[in-house]
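Some notes on the structure that comes next.
In the numbering used here, the protein residues as written are 2 to 176.
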């Protein structure tokens, strides 16, 4: 039996109970051998049988119980697309890459919009896959890849702060 390991950045965890909930619920999935969720690093590591379970099924289970995934989004300009068939070919190639959650390629805009897990695949991997099938990706001058996890964490912090302020606004008059 082959075992695969995947590390997924999780957003929305606030306490040890969150960790135990994620571990308990995802351990029930068929094919899971072990689960380790770390609150401090806000990541989970799953060892599973890839013949029985996919990474997407683990991610969907995490979403189902109310937590999020820190995914990155990128728009890659592509040169060499001649028609919609080329766009579909690029989309299918990118979608098959492990760690890509969503991929959409438009012939009209000559761009690929990709949502992916930065712990599993990087922008360089995406570019290499597109270039391997005969198309060229354009790298903008001075463009830097943003830290998707940092952006997701900042959004989560802002959400929690709004909830705290809202709670204080309604609680203080009671005292």
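For each residue, glycine too, the CB sits at the ideal point set by N, CA and C.
Problem set entry | residue 60 in three-state terms, based on DSSP | Residue numbering aside, residue 60 sits at position 59 when the chain shown is read from its first letter. Collapsing the DSSP output to three states places residue 60 in a helix.
Exercise. Using DSSP with H/G/I as helix, E/B as strand and the rest coil, what is residue 97?
Worked result: As a first step, residue 97 must be located in the chain shown, where it is residue number 96. Of the three classes helix, strand and coil, the one that applies to residue 97 here is coil, per DSSP.
Problem set entry | Supposed close pair residue 118, residue 9 - CB separation, criterion 8 angstroms | As a first step, residue 118 is located in the chain shown; it is residue number 117 there, counting from the start. As a first step, residue 9 is located in the chain shown; it is residue number 8 there, counting from the start. Indeed they touch by this definition, with Cβ atoms about 6 angstroms apart.
Exercise. With residue 91 and residue 106 assumed to form a contact (beta carbons below 8 angstroms), what rounded beta-carbon distance in angstroms separates them?
Worked result: For the purposes of this step, residue 91 is taken as the residue at position 90 of the chain shown. For the purposes of this step, residue 106 is taken as the residue at position 105 of the chain shown. About 5 angstroms separates the two Cβ atoms, so the contact holds.
Problem set entry | For residue 49, the residue or residues it bridges with in DSSP | In the chain shown, residue 49 corresponds to position 48, counting from 1. Per DSSP, the beta-bridge partners of residue 49 are 5, 33.
Exercise. Under 8 angstroms between the Cβ atoms of residue 1 and residue 67?
Worked result: Since the first residue of the chain shown is 2 and the last is 176, residue 1 is not available in this structure.
For this session: Would you mind stating whether residue 77 and residue 134 have Cβ atoms separated by less than 8 angstroms?
Result: As a first step, residue 77 is located in the chain shown; it is residue number 76 there, counting from the start. As a first step, residue 134 is located in the chain shown; it is residue number 133 there, counting from the start. Here residue 77 is not near residue 134, since their CB atoms are 8 angstroms or more apart.
Problem set entry | For residue 84, the three-state DSSP class (helix, strand or coil) | By one-based count along the chain shown, residue 84 stands at place 83. Residue 84: coil per DSSP, three-state reduction.
Exercise. Using CA coordinates, which residue listed in 168, 79, 3, 164 is at the minimum distance from residue 129?
Worked result: Here residue 129 is taken as the residue at index 128 of the chain shown, counted from 1. When the alpha-carbon of residue 129 is set against those of 168, 79, 3, 164, the nearest one is in 79.
Problem set entry | beta-carbon residue 81 near the ligand PLP non-hydrogen atom, thresh 7 angstroms | This structure lacks the ligand PLP, and indeed carries no ligand of any kind.
Exercise. Among residues of its own chain, excluding the 5 on either side of residue 95, which ones have a beta-carbon nearer than 8 angstroms to its beta-carbon?
Worked result: Residue numbering aside, residue 95 sits at position 94 when the chain shown is read from its first letter. Counting only Cβ-Cβ distances below 8 angstroms, and skipping sequence neighbours, we find 101, 104, 106, 113, 115, 127, 130, 131.
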